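Report on the following structure.
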Amino acid sequence: MRILHVVTLVSPDGSFGGPLRVAVNHVRALKERGHTVDLVAGARGFTGSLPHEYDGVPVTLYRAFQAVPGTGFAGLVSPGVTAHLLRHAGKYDVVHLHLARDLVALPAALAVAVRDVPYVVHTHGMIDASDRLLARPLDAVATKPVMARAGGAIALVEAERQELRRLFPRLVDPVVLANGVPGSEQTAVELCSGAPDPEPEVLFLARVAARKRPVEFIRAAQILAREFPTARFSLVGPDEDRGDAVRAALDEDDGRGRIRWEGAVSADQAAARMARAAVYVLPAVDEPFGMTLIEAMAVGVPTVCNHDCGIAGIVSETGGTVAADDSVDALADAVRELLQDPARRLAAGQAGRDRVARDFSMGAVAVRLEEIYAGAAGAGGR
Numbered sequence: 001m002r003i004l005h006v007v008t009l010v011s012p013d014g015s016f017g018g019p020l021r022v023a024v025n026h027v028r029a030l031k032e033r034g035h036t037v038d039l040v041a042g043a044r045g046f047t048g049s050l051p052h053e054y055d056g057v058p059v060t061l062y063r064a065f066q067a068v069p070g071t072g073f074a075g076l077v078s079p080g081v082t083a084h085l086l087r088h089a090g091k092y093d094v095v096h097l098h099l100a101r102d103l104v105a106l107p108a109a110l111a112v113a114v115r116d117v118p119y120v121v122h123t124h125g126m127i128d129a130s131d132r133l134l135a136r137p138l139d140a141v142a143t144k145p146v147m148a149r150a151g152g153a154i155a156l157v158e159a160e161r162q163e164l165r166r167l168f169p170r171l172v173d174p175v176v177l178a179n180g181v182p183g184s185e186q187t188a189v190e191l192c193s194g195a196p197d198p199e200p201e202v203l204f205l206a207r208v209a210a211r212k213r214p215v216e217f218i219r220a221a222q223i224l225a226r227e228f229p230t231a232r233f234s235l236v237g238p239d240e241d242r243g244d245a246v247r248a249a250l251d252e253d254d255g256r257g258r259i260r261w262e263g264a265v266s267a268d269q270a271a272a273r274m275a276r277a278a279v280y281v282l283p284a285v286d287e288p289f290g291m292t293l294i295e296a297m298a299v300g301v302p303t304v305c306n307h308d309c310g311i312a313g314i315v316s317e318t319g320g321t322v323a324a325d326d327s328v329d330a331l332a333d334a335v336r337e338l339l340q341d342p343a344r345r346l347a348a349g350q351a352g353r354d355r356v357a358r359d360f361s362m363g364a365v366a367v368r369l370e371e372i373y374a375g376a377a378g379a380g381g382r
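Going letter by letter, the sequence shown gives residues 1 to 382 in UniProt numbering.
If you want it as structure tokens, here you go:
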């Protein structure tokens with residue numbers, strides 16, 4: 001098949017997070033199965049000319065601009081992406097839209113609909129009930145028409161599927177498809193050696209954004225640094241909106257240098273960075289899936305998440321821990337369980353790696369995508 005993936009933003013620091021990594025993984029896996037696959041996206045943060053490759057896959061990028069100040073990704077625009085789709089969408093059998101309620105993805109989707117090309121919407125938990133001022137008019141003129149014409153739809157978990165059906169009654173019934181991760185040559189330091197790290201590292205690797213709760217990670221680290229004098233606590237990720245608060249918290253108490261913010265890491269270095277950790281923590285609230293949790297499991301690092309994470313059950317089943325509520329104390333308690341029990345860390349690391357290999361392989365995801373695309377193309381639009 002000739003397949004086009006569209007995602008809102010590519011940047012050197014990978015700030016768009018899970019949806020971008022999923023799109024890249026999909027492109028790579030589908031190309032390995034013999035399909036012709038392209039990826040088109042908005043771009044910012046690059047110096048000089050835009051790259052033609054990102055994390056090992058070919059990309060076509062167009063500059064993205066902040067058209068609506070103070071709105072983050074939602075206010076980005078990329079006229080080049082829309083123009084590209086108006087010109088070229090017709091040469092594809094199906095378009096896979098990694099759809100958000102933003103001014104890059106929605107105009108792109110409308111362009112694909114205008115060209116009458118079959119498409120699949122994949123919302124990654126990004127389109128839900130919203131009371132934001134612009135959400136209602138934007139949904140009326142763009143989101144609802146795009147959803148109504150989709151030939152296929154993908155939800156991360158059953159709760160998202162039900163929410164999409166409630167919000168968009170004309171949407172084709174979404175397929176629940178978990179994110180997959182490619183096989184990794186990286187192995188967690190402790191799992192590789194079979195022995196506990198004498199200076200275990202607790203890692204946060206995500207956007208430094210309010211919903212991801214980086215400050216709460218630091219507050220929990222401040223508690224634990226006093227109890228575990230050799231443990232290290234590292235925050236890795238690009239600043240979205242909480243950088244000043246993170247710096248203020250570290251100025252107040254950085255655990256005598258054992259709590260630090262490293263900044264962002266490139267996408268091709270993320271797995272290696274994770275493998276250096278003894279524990280991976282994603283304290284985010286309302287996390288629809290938690291791509292980084294699966295990525296940490298893939299390299300054998302035990303994980304910690306919040307109670308309302310979409311895959312909290314998987315974290316618990318593999319021996320990781322789940323914060324009982326949104327408090328810093330609950331987060332510290334969950335991390336403490338793993339820090340104080342090296343044997344549990346080793347067992348959880350292996351269990352997580354085995355679970356990912358069994359249930360989240362990219363090969364299985366690619367086969368399911370082929371089925372979804374065939375259904376959308378057969379429907380010929382709606």
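We put the beta carbon where it would ideally sit given N, CA and C, even for glycine.
Computed from a predicted structure; not experimentally measured.
Where the beta strand (DSSP E) through residue i begins and ends
i	result
His5	Arg2 to Val10
Arg115	It is not in any beta strand (DSSP E) - Arg115 carries neither H nor E in the DSSP assignment.
Glu201	Glu201 to Leu205
Leu97	Val94 to His98
Arg260	Ile259 to Gly263
Bounding residues of the alpha helix (DSSP H) (the contiguous stretch that carries residue i)
i	result
Ala348	Pro342 to Asp359
Glu287	Premise fails: Glu287 is in no alpha helix (DSSP H) and is neither H nor E.
Ile311	Ile311 -> no alpha helix (DSSP H), and no H or E assigned at all.
Leu250	Gly243 to Glu252
residue 426	In the structure as shown, the chain begins at 1 and stops at 382. Residue 426 is therefore absent and cannot be evaluated.
Ser193	Val189 to Ser193
Whether residue i touches residue j by CB criterion (8 Å)
i	j	result
Tyr62	Gly42	yes
Gly278	Pro200	The sequence shown places Ala at residue 278, rather than the Gly named in the question. Yes.
Asp128	Glu158	no
Gly152	Arg115	no
Arg207	Gly237	yes
Leu205	Met291	no
His124	Leu167	no
Leu97	Val121	yes
His84	Val40	yes
His26	Leu369	yes
Ala377	Ala29	no
Val335	Gly320	no
Tyr119	Arg2	no
Val281	Phe217	yes
Asp102	Phe65	no
Arg242	Ala284	no
Val301	Ala249	no
Residues that residue i bridges to, as DSSP identifies them
i	result
Gln66	Leu76
Tyr54	Val57
His35	Note: His35 sits in no beta bridge, so no partner.
Val279	Val202
Ile154	His122 and Val175
residue 392	No answer is possible for residue 392: the residues shown for the chain start at 1 and end at 382.
Val24	DSSP lists no partner for Val24.
Val40	Val6 and Thr60
Val208	Asp239
Leu338	Answer is none; Leu338 lacks a bridge partner.
Val215	For Val215, which the question treats as bridged, DSSP gives no partner whatsoever.
Val181	Ser361
Three-state secondary structure (DSSP) of residue i
i	result
Ile127	coil
Ala377	helix
Val176	strand
Ser15	coil
Val328	helix
Asp268	helix
Ser234	strand
Ile372	helix
Asp239	strand
Arg382	Residue placement at Arg382 is poorly supported in this model, since its pLDDT is 47, which falls under 50; the coordinates are not used for a value here.
Leu134	coil
Val104	coil
Val299	coil
residue 383	There is no way to answer for residue 383, as the model of the chain reaches only from 1 to 382.
Thr82	helix
Ser49	coil
Gln162	helix
Chain D contact for residue i (CB, 8 Å cutoff)
i	result
Arg44	No chain D is present in this structure, which holds just one protein chain.
Near the ligand GTP: residue i beta-carbon under 7 Å from a heavy atom
i	result
Asn25	By its list of ligands, the structure shown contains no ligand whatsoever, and the ligand GTP lies outside what it can speak to.
Do three or more CB pairs link the segment 355 to 366 to the segment 285 to 303 at distances below 8 Å?
yes
Could you say if the segment 250 to 265 and the segment 302 to 310 meet the contact criterion of at least three C-beta pairs nearer than 8 Å?
no
How about the segment 327 to 346 and the segment 4 to 13: do they share at least three Cβ pairs that are nearer than 8 Å?
no
If you pair each beta-carbon of the segment 138 to 146 with each one of the segment 102 to 113, do three or more pairs fall below 8 Å?
Contact between the segment 138 to 146 and the segment 102 to 113 is present, because at least three Cβ pairs lie under 8 Å.
Three or more beta-carbon pairs under 8 Å between the segment 223 to 235 and the segment 264 to 272, yes or no?
The answer is no - the segment 264 to 272 does not touch the segment 223 to 235, with fewer than three Cβ pairs under 8 Å.
Quick check: the segment 217 to 225 against the segment 182 to 189, are at least 3 beta-carbon pairs closer than 8 Å?
The segment 182 to 189, when compared against the segment 217 to 225, does not touch it at the 8 Å Cβ threshold.
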